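Inspection log for the structure reproduced underneath, given as structure tokens.
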Amino acid sequence: MDRLIRLAAKVPLANSVFERPARRRPPRPFFNVTRLTLAIAGVIPFSSFAQNANENERQHPQRRGGSKQTGTTKTHSLASNRRDLIVLENLLRSLLVMGAGLLWTGEVHAEGGSCPSGYYPVGGQGTMGCAPLPGSGNQQAPLPPAPQWERRWGAIATDGPNDALGVATDKRSKREASQIAMQDCKSKGGVSCKIDVAYDNQCAAVVVGDGGYNVGNAATVDIAVASGMKTCRDGGLTNCHAYYTACSLPVRIR
Numbered sequence: 052m053d054r055l056i057r058l059a060a061k062v063p064l065a066n067s068v069f070e071r072p073a074r075r076r077p078p079r080p081f082f083n084v085t086r087l088t089l090a091i092a093g094v095i096p097f098s099s100f101a102q103n104a105n106e107n108e109r110q111h112p113q114r115r116g117g118s119k120q121t122g123t124t125k126t127h128s129l130a131s132n133r134r135d136l137i138v139l140e141n142l143l144r145s146l147l148v149m150g151a152g153l154l155w156t157g158e159v160h161a162e163g164g165s166c167p168s169g170y171y172p173v174g175g176q177g178t179m180g181c182a183p184l185p186g187s188g189n190q191q192a193p194l195p196p197a198p199q200w201e202r203r204w205g206a207i208a209t210d211g212p213n214d215a216l217g218v219a220t221d222k223r224s225k226r227e228a229s230q231i232a233m234q235d236c237k238s239k240g241g242v243s244c245k246i247d248v249a250y251d252n253q254c255a256a257v258v259v260g261d262g263g264y265n266v267g268n269a270a271t272v273d274i275a276v277a278s279g280m281k282t283c284r285d286g287g288l289t290n291c292h293a294y295y296t297a298c299s300l301p302v303r304i305r
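Note that the sequence shown covers residues 52 to 305 in the numbering used here.
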């Protein structure tokens, strides 16, 4: 028994079947993530990133496959890395171009949102405008219809010997205005009433002086009074003054 113990003591522990094998560390990544990010962002050129990756491969060849490479195998690995980087660079550049195109399309769409319905954006950068869509039926709004006016009539009836004066204003017709003026004259004591003037869309004035009177019409009251005053003075009358004035002007119905 003592002999077996001494023989077992001489066997190296490393050869024991109970020894756990050493764990191999996984290979570290071949790419430098920081420099790859800077290359994608355009901060450093891809050529600088590729040179750094090749130098890393030459210094640590075991990171790629776990064993050293020499001669033709090492040269082939470097050439393969360069091709991989070229493919990666082209792919990333294509993605960047596609992303920029999508951003530009979104910007144009956002600017086009300011156009009203039935219009689309036109023009270059900084000179955006809106144009009607073909076939949208957008036409200039029709002009509103012209206003319509309806004439209004007035009349003056007098009976000089009985000092009676009858008037009518703002009537729809000459006949209506004349009838009302005659009735008004008779209601004030007139016996031989007669229509002195019937006018439409104008003004009228009765100017009285010592021993007489006159009736006239014009576009405005001032013109009618001035005309009557001149007639009164030209007739040799004194104390001429405006006794009655009125207007019958058109009325807008639409």
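C-beta atoms are modelled at their ideal positions from N, C-alpha and C, and glycine is treated no differently.
None of the values given here were measured: they were computed from a predicted structure.
In the pairwise beta carbon analysis, the segment 229-236 is classified as not touching the segment 251-258: fewer than three pairs are separated by under 8 Å. In the three-state reduction of the DSSP assignment, residue 285 falls in the helix class, which pools H, G and I.
Boundaries of the alpha helix (DSSP H) around residue 234: 225-238. In the DSSP assignment, residue 181 is bridged to 172.
Taken atom to atom, the span from the alpha-carbon of residue 284 to that of residue 291 is near 7 Å.
In the assembly as shown, residue 250 is a buried residue. Its beta-carbon has 16 or more other beta-carbons within 10 Å. Secondary structure at residue 141: helix, using DSSP grouped into helix, strand and coil. The segment 288-303 makes contact with the segment 272-280, as at least three CB pairs between them are under 8 Å. The C-alpha of residue 244 lies about 23 Å from the C-alpha of residue 203. Rounded to whole angstroms, the gap between the alpha carbons of residue 180 and residue 299 is 53 Å.
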